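Take the sequence shown: its letter number 174 is residue 191 in the numbering used here, and every next letter is one higher.
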Amino acid sequence: MVRVTAYSNGIDGIEGDDGTVIFHSTAGQNGDNGIQVSEGSAVINSASFDNEVDGFDVASGGIVDNCVSTDNGVFGFDIALGGQVVNSTAYDNMSNGFDMASACILRNCISSLNNGHGVRTFANSYVTDSKFHENDLDGIRISSTDCHVQGNQATDNDMVGIHATASGSFFVQNTAAGNLTNYLIDANCSFGPILNVTGAGDLSAVAGADHPWANFEF
18 MVRVTAYSNG IDGIEGDDGT VIFHSTAGQN GDNGIQVSEG SAVINSASFD NEVDGFDVAS
78 GGIVDNCVST DNGVFGFDIA LGGQVVNSTA YDNMSNGFDM ASACILRNCI SSLNNGHGVR
138 TFANSYVTDS KFHENDLDGI RISSTDCHVQ GNQATDNDMV GIHATASGSF FVQNTAAGNL
198 TNYLIDANCS FGPILNVTGA GDLSAVAGAD HPWANFEF
């Protein structure tokens with residue numbers, strides 16, 4: 018599907034069966050999901066806004082690239098098992114910006130001003146090089162084991178910047194500032210040192226700041 022526009026439908030705006038590819042499309046003000054696709058599909062360069070449920074509802078094995086989801090009634094992006102989202106933005110959705118099942122990838126994304134978590138994900142997922150700002154709950158919420166969280170920034174979220182509620186995940190090279198609590202990581206996870214460098218100036222004078230896996234709060 019290319020250059021599809023779907024507004025004010027009583028159900029989903031745009032739907033695709035297994036293996037669908039959607040390019041350059043827009044869905045807004047629909048009564049269910051904005052864009053919904055089945056297994057092994059891809060949604061690229063598309064936008065979804067002001068829908069009653071999710072902006073994007075993507076079944077297992079799906080890919081979302083360079084998309085925007087704003088002002089939707091539940092999740093910005095609802096991603097099933099083994100999906101990935103890259104280069105995309107979730108803004109001002111009523112629940113989580115990105116809600117991702119197990120074995121998912123989130124990379125180079127922005128999640129801000131959502132009423133839930135910036136991202137919530139489950140076991141064996143990978144969250145990297147993304148920005149989480151001013152969400153009403155946690156910036157990053159890791160809710161199961163064996164996730165990899167690297168190179169993210171979490172700022173001014175109302176609860177925890179980077180939060181792992183389960184054991185067994187891996188956290189390195191992240192930064193956090195202005196959250197109610199910057200880091201809350203289960204003690205049975207693996208993580209680089211968490212260094213508070215607030216007002217530190219030149220980091221070369223801070224013990225441990227040159228650690229290759231350090232996480233920072235500032």
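All residues carry an ideal CB built from backbone N, CA and C; glycine is no exception.
Bear in mind that the values here come from a model prediction, so they are computed numbers and not experimental data.
CA-to-CA distance, Phe73 to Gly225, given in whole angstroms: Spanning the two alpha carbons is a distance of roughly 42 Å.
Gly178, enclosing beta strand (DSSP E) - first and last residue: Val177 to Ala181 is the span of the beta strand (DSSP E), which, as asked, contains Gly178.
Residue span of the beta strand (DSSP E) that contains Phe188, given as start and end: Segment Phe187 to Val189, the beta strand (DSSP E) holding Phe188.
Cross-strand partners of Thr271 (DSSP beta bridge): Since the first residue of the chain shown is 18 and the last is 235, residue 271 is not available in this structure.
Backbone secondary structure at Ser58 - three-state DSSP: Residue state, collapsed to three classes: coil.
Leu220 in three-state terms, based on DSSP: Judged by DSSP in its simplified three-state form, Leu220 adopts helix.
Beta-carbon proximity check, Val75 vs Ser63, cutoff 8 Å: No, Cβ-Cβ distance for Val75 and Ser63 is not below 8 Å.
Start-to-end residues for the beta strand (DSSP E) that takes in Gly33: From DSSP, the beta strand (DSSP E) with Gly33 extends over Ile31 to Gly33.
Close-in-space but distant-in-sequence residues of the same chain around Gly36 (CB under 7 Å, 5 per side omitted): Only Gly57 and Ser58 meet the Cβ criterion.
N- and C-terminal bounds of the beta strand (DSSP E) containing Gln101: Looking at the DSSP string, the run of the beta strand (DSSP E) that includes Gln101 is Gln101 to Val103.
Beta-carbon separation (whole angstroms), Ser128 vs Phe149, contact threshold 8 Å: Going by Cβ atoms, the distance from Ser128 to Phe149 rounds to 5 Å, so yes, they are a contact pair.
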